[in-house]
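Enquirer: Attaching a single structure in structure tokens format; questions to follow.
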Amino acid sequence: MYPDERGRFGEFGGKYVPETLMSALEQLERDYAQFSSDPEFQAELSDLLANYAGRPTPLYEAKGLTNIAGGATIYLKREDLNHTGAHKINNTLGQGLLAKKMGKKRIIAETGAGQHGVASATIAALLGLECTVFMGEEDMQRQALNVFRMRLLGAKVIPAVSGTKTLKDATNEAIRYWVSHVEDTYYIIGSVVGPHPYPMMVRDFQRIIGDETKVQMLALRGRLPDAIVACVGGGSNAMGIFYPFLLDDVELIGTEAAGEGVDTDRHAASIHGGRKGVLHGSMTLLLQDASGQVLPAHSISAGLDYPGIGPEHAHLFTSGRASYVPVTDQEALEAFVLLSRVEGIIPALESAHAVAYAMKKAAAMRRDEVLVVNLSGRGDKDVQTLQPILEEGHYLDKAWT
1 MYPDERGRFG EFGGKYVPET LMSALEQLER DYAQFSSDPE FQAELSDLLA
51 NYAGRPTPLY EAKGLTNIAG GATIYLKRED LNHTGAHKIN NTLGQGLLAK
101 KMGKKRIIAE TGAGQHGVAS ATIAALLGLE CTVFMGEEDM QRQALNVFRM
151 RLLGAKVIPA VSGTKTLKDA TNEAIRYWVS HVEDTYYIIG SVVGPHPYPM
201 MVRDFQRIIG DETKVQMLAL RGRLPDAIVA CVGGGSNAMG IFYPFLLDDV
251 ELIGTEAAGE GVDTDRHAAS IHGGRKGVLH GSMTLLLQDA SGQVLPAHSI
301 SAGLDYPGIG PEHAHLFTSG RASYVPVTDQ EALEAFVLLS RVEGIIPALE
351 SAHAVAYAMK KAAAMRRDEV LVVNLSGRGD KDVQTLQPIL EEGHYLDKAW
401 T
């Protein structure tokens, strides 16, 4: 299983950072190895996941979606029911505890849709840590509610005003800050991206999603699912549910944001439209021009608006173990309304990308087969932004049967 001793997933991953960060990453690697095998650390984390975050989350049979799709039975892994409303809390609890064990007093984080920023601000309040969150100015406008939540929790939110003013630029700013404050600051990366050991560490803290799904599916159906679908930006929720199934006969499918279409320059599909290169400290697949300059990404979903993907996903794609399909903004909007109307669940716009493809996939499967969708977060944060788009596009007038 990956990564290897150099932090590589096949030809992807590794550490591509300034010299000033190398010693901090090596120390983090040693501390993570020590505490991740420490029973006291694991017991403290398990207690917080159960009694603070609210795990295990349910695995819910979505009969309404199943009836409409007309094929495989669809289940939803309800990560939206976690405290703070998304899977991000799993990782921030783990890294927050690690920061405390390492003696750090201050954490920083980057965020796109605000879910990781809120989760970081939450655990900082819980653990008594100072918290600063970097967020693109464009995303701060799209996710104003989450900006308020972070500030309410005591975090300082710093706008990133360069580039497209989205997640990539917030990550640039966070790394820049970390380089000059590395001695007393812990950087909580929110996805399976960045230099080693972050992709491995975030995956490990998120694998509880897949571990629970496996146990729950065996209890409900006496067998594993036939397919699992999850959205990918950086890809932490997808990696979390995929990882425990890598050696099983289960089809793994990631949905990446196709924006206005992968045949346009307005998308964030780094697998379909990207190629190999270095982004934010690791070798991966990313959107870039002929000179290797990172291209701007576009998605209606702030959480998927990122020009790269985690290195382990790049490896799963090139090795053929997982497949990745593009889902457009319009398809995600339709799925956003569909799930709200049919199941009474308003999903995060990120998760709606997975729901959109799951409906197509389930329809093409047999009725005795089972498909699981990882519902990575809830959609409260998106409602205010989407209201005029949905009303002007007459999405709310459509009959869902």
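For what it's worth, the UniProt record's numbering labels the leading residue of the sequence shown as 1, then goes sequentially. Ideal Cβ positions, reconstructed from N, Cα and C, are used throughout, including at glycine. For clarity, every value in this text was computed on a predicted model and none was experimentally measured.
Name the DSSP beta bridge partners of E256, please?
Expert: What you label residue 256 is simply residue 256 of the sequence shown in a count that begins at 1. Paired residues: V232, P326.
Enquirer: What residues match up with I209 in a beta bridge as DSSP calls it?
Expert: The count along the sequence shown starts at 1 and reaches residue 209 at position 209. None; I209 has no bridge partner.
Enquirer: Can you grab the Cα-Cα spacing for the pair G70 / A335, in whole Å?
Expert: Stepping through the sequence shown from its first residue, residue 70 is reached at position 70. Stepping through the sequence shown from its first residue, residue 335 is reached at position 335. Roughly 16 Å separates the two Cα atoms.
Enquirer: Would D305 and D184 be called neighbours here (beta carbons separated by less than 9 Å)?
Expert: Taking the sequence shown and counting its residues from 1, one reaches residue 305 at position 305. Taking the sequence shown and counting its residues from 1, one reaches residue 184 at position 184. The answer is no: Cβ separation not under 9 Å.
Enquirer: Give every residue of the same chain whose Cβ lies closer than 8 Å to the Cβ of R30, excluding the five residues on either side of it in the sequence, and list them in chain order.
Expert: Reading the sequence shown from its first residue, position 30 is the one you call residue 30. Around R30: no qualifying Cβ.
Enquirer: Would you check if there are 3 or more beta carbon pairs closer than 8 Å linking the stretch 262-270 to the stretch 342-362?
Expert: Verdict: no, contact absent.
Enquirer: Between the Cα of A354 and those of V342, E343, S376, spot the shortest distance and give me the residue it belongs to.
Expert: As a working note, residue 354 is residue 354 in the sequence shown. The candidate whose alpha carbon is nearest that of A354 is S376.
Enquirer: Quick one: residues in its chain with C-beta nearer than 6 Å to the C-beta of K156, no 5 flanking neighbours on either side, listed in chain order?
Expert: Here the question's residue 156 lines up with position 156 in the sequence shown. Excluding residues within five positions, the ones whose Cβ falls inside 6 Å are T132.
Enquirer: Taking DSSP's pairing of strands, which residues face R78 in a bridge?
Expert: Counted from its first residue, the sequence shown places residue 78 at position 78. The partner list for R78 (beta bridge, DSSP) reads L375.
Enquirer: Starting from the Cα of R149, find the closest Cα among G128, E137, V118 and give me that residue.
Expert: Your numbering for residue 149 matches position 149 in the sequence shown. It is V118 whose Cα lies nearest to the Cα of R149.
Enquirer: From what residue to what residue does the alpha helix (DSSP H) around S36 run?
Expert: For this step, residue 36 is matched to residue 36 along the sequence shown. Taken as a continuous stretch (DSSP letters only), the alpha helix (DSSP H) holding S36 covers 19-36.
Enquirer: Using the Cα positions of A72 and R221, report the straight-line distance between them to the nearest angstrom.
Expert: Position 72 of the sequence shown holds residue 72. Position 221 of the sequence shown holds residue 221. Approximately 13 Å, taken between the alpha carbons.
Enquirer: Taking 9 Å as the threshold (C-beta atoms), are I188 and S120 in contact?
Expert: As a working note, residue 120 is residue 120 in the sequence shown. As a working note, residue 188 is residue 188 in the sequence shown. Their beta carbons are under 9 Å apart, which means S120 touches I188 by this criterion.
Enquirer: Within 10 angstroms of the Cβ of G292, are there 16 or more other Cβ atoms? Answer buried if so, exposed if not.
Expert: The sequence position of residue 292 within the sequence shown is 292, counting from 1. Exposed, because fewer than 16 other Cβ atoms sit within 10 Å of the Cβ of G292.
Enquirer: In the structure shown, what three-state DSSP assignment does K165 receive?
Expert: Stepping through the sequence shown from its first residue, residue 165 is reached at position 165. In the structure shown, K165 sits in coil (DSSP, three-state: anything other than H, G, I, E or B).
Enquirer: Quick one: what's T111 bridged to in DSSP?
Expert: Within the sequence shown, the letter at position 111 stands for residue 111. Paired residue(s): M135.
Enquirer: Following the continuous alpha helix (DSSP H) through T385, name the residue where it begins and the one where it ends.
Expert: Residue numbering aside, residue 385 sits at position 385 when the sequence shown is read from its first letter. Note, T385: alpha helix (DSSP H), 380-392.
Enquirer: Here's the rule: buried if 16 or more other CB atoms are within 10 angstroms of the residue's CB, otherwise exposed. What is Q288?
Expert: Stepping through the sequence shown from its first residue, residue 288 is reached at position 288. Answer is buried; the Cβ neighbour count reaches 16.
Enquirer: Could you pull out every residue in the same chain whose Cβ sits closer than 6 Å to the Cβ of M359, ignoring the five residues on either side in sequence?
Expert: Stepping through the sequence shown from its first residue, residue 359 is reached at position 359. Here the set comprises A69.
Enquirer: Taking the C-alpha atoms as reference points, what is the distance between W178 and V325?
Expert: For the purposes of this step, residue 178 is taken as residue 178 along the sequence shown, with counting starting at 1. For the purposes of this step, residue 325 is taken as residue 325 along the sequence shown, with counting starting at 1. Whole-angstrom Cα-Cα distance: 34 Å.
Enquirer: Name the DSSP beta bridge partners of Q288, please?
Expert: Along the sequence shown, read from residue 1 onward, the residue named residue 288 stands at position 288. Answer by DSSP bridge pairing, in chain order: V294.
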